[in-house]
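Taking it in order: structure first as structure tokens, then the write-up.
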Amino acid sequence: MPTSFRQIIDKAVKDKRFLVVPGAHDALSARLIQQIGFETYFIGGFPAVGARYGVPDVGLKGFGEISAAVRDIMAACDLPVFVDGALFSVGDAHFAQGDGEACGTAIEMSGSILVRFSLHKGEAQRRGIRFPRFSRNDYYFPPELAAPKRFLATTGMSVHPDGTNESEDTTLSAKNALLSMIDLLVERGWTRQQAYAICSVAVDLKISELVDVPNMVVSAFLPLDIFGRDNAAR
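Using our numbering, the letters of the sequence shown correspond one by one to residues 105 to 338.
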């Protein structure tokens, strides 16, 4: 019987069958996955943190705390974890998510993905490719939302409210752009909690400027058509 994820993948490919890989968020779910008869499983980042600590996925827990959750899950289950040498993973599927997923998990959904691989041994090393590349020959998103005709936008720079400049800190720029978008939505009648959720579901963060050091600029775009024309000006 295969004892590593790589062996399980190889056998599934050889047998030409689908491999179902469920997710575990705590020790109990991992044990149930094994008892049901699955061959392997993966450990979800936010599900594990949410189940163990009861906090949203906004960076409130560090590596040590996440490692503790993963260690306990793996101790409860003898199956190989979906990591071992696979060199490929797929993120969770979303019905709606802004480029940035500012809080929580946006709107997640169940889904299936069919992939086909062509292996080019040593090609990435030969060409110095360290990170994934991808392309597409058609729209991956409805054009009217990918490049919206009607939108709200805010910007942020790497500057604290007291005027302190954090040179080249795009994380701070993104935070300021999102906070400004939340303020703008509150002005239009939404609560701060609703505005925060809207940002996660629909606001696209874009790096607008990197060249003028030290001020990195990030913009937050919200397509107005997500509300429908009657509610866009709320």
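C-beta atoms are modelled at their ideal positions from N, C-alpha and C, and glycine is treated no differently.
Point to revise | Span separating the alpha-carbon of I137 from that of V159 | key: A direct Cα-to-Cα measurement between I137 and V159 gives close to 24 Å.
Review point. Is there at least one Cβ from chain B nearer than 8 Å to S277's Cβ?
Key: The question asks about chain B, but that chain is absent: this structure has only one protein chain.
**Study point:** As assigned by DSSP and simplified to three states, the class of L309
**Key:** DSSP, reduced to helix, strand and coil, places L309 within a strand of the structure shown.
Check your understanding: What number of angstroms, rounded off, separates the C-alpha of I177 from the C-alpha of V125?
Key -> Looking at the two C-alpha atoms, the distance is approximately 15 Å.
Check your understanding: For A180, which residues from the same chain have a beta carbon less than 6 Å from its beta carbon, with the 5 sequence-adjacent residues on both sides left out?
Key -> For A180, where only same-chain residues beyond five positions count, the Cβ hits under 6 Å are A131, A134, R135.
Review point. For R121, which of Q139, I170, A128, E143 has the nearest alpha-carbon?
Key: Ranking Q139, I170, A128, E143 by Cα distance to R121 puts E143 first.
Exercise for review: Return the bridge partner residues of H198 from the DSSP annotation.
Suggested key: Paired residues: E212.
Check your understanding: Can you tell me whether DSSP reads M320 as helix, strand or coil?
Key -> Annotated three-state conformation of M320 is coil, per DSSP.
Review point. On the three-state DSSP scale, how would you describe A337?
Key: Per-residue confidence for A337 stands at a pLDDT of 46, beneath the threshold of 50, marking its modelled position as unreliable; no derived number is given.
Check your understanding: How do the stretch 228-245 and the stretch 300-319 stand: do at least 3 beta-carbon pairs fall below 8 Å, yes or no?
Key -> Three or more beta-carbon pairs separated by less than 8 Å are not found between the stretch 228-245 and the stretch 300-319, which leaves the two stretches without contact.
Point to revise | Pick from M213, V117, P252 that is closest to S222, judged by C-alpha positions | key: Selected option, being the one with the closest Cα: V117.
Check your understanding: For S262, does the count of other Cβ atoms within 10 angstroms reach 16, so buried, or fall short, so exposed?
Key -> With 16 or more Cβ atoms within 10 Å of its Cβ, S262 is classed as buried.
Review point. Which residues in the same chain as H198 place their Cβ atom closer than 7 Å to its Cβ, once the five residues preceding and following it in sequence are excluded?
Key: The answer, listed in chain order, is A210, I211, E212, M213.
Exercise for review: Pick out whichever of N319, F150, C207 has its Cα sitting closest to the Cα of E270.
Suggested key: Checking every option, the nearest Cα to that of E270 belongs to N319.
Check your understanding: What are the boundary residues of the beta strand (DSSP E) that F255 is part of?
Key -> Its beta strand (DSSP E) spans residues 255-261.
Practice item. Take G215 and list the residues in its own chain whose beta-carbon comes closer than 7 Å to its own, dropping the five residues that flank it on each side. Key: When the five nearest sequence neighbours on each side are left out, the beta carbons in the same chain lying within less than 7 Å of the beta carbon of G215 are those of A197, in order along the chain.
**Study point:** Proximal residues to I288 (C-beta, below 7 Å), its chain only, five neighbours per side dropped
**Key:** The displayed chain sequence assigns Leu, not Ile, to residue 288. The beta carbon of L288 sits closer than 7 Å to those of L256, T258, all from its chain and outside the five residues before and after it, given in chain order.
Point to revise | N269 (DSSP reduced to helix, strand or coil) | key: If DSSP states are grouped into helix, strand and coil, N269 belongs with the strands.
Check your understanding: In this structure, does DSSP put I302 in helix, strand or coil?
Key -> Helix.
Exercise for review: Kindly indicate which residue of A278, P327, Q111 has the alpha-carbon position closest to the one of H264.
Suggested key: Relative to the Cα of H264, the nearest Cα in the group A278, P327, Q111 belongs to A278.
Review point. For L136, which three-state DSSP category applies?
Key: Helix at L136.
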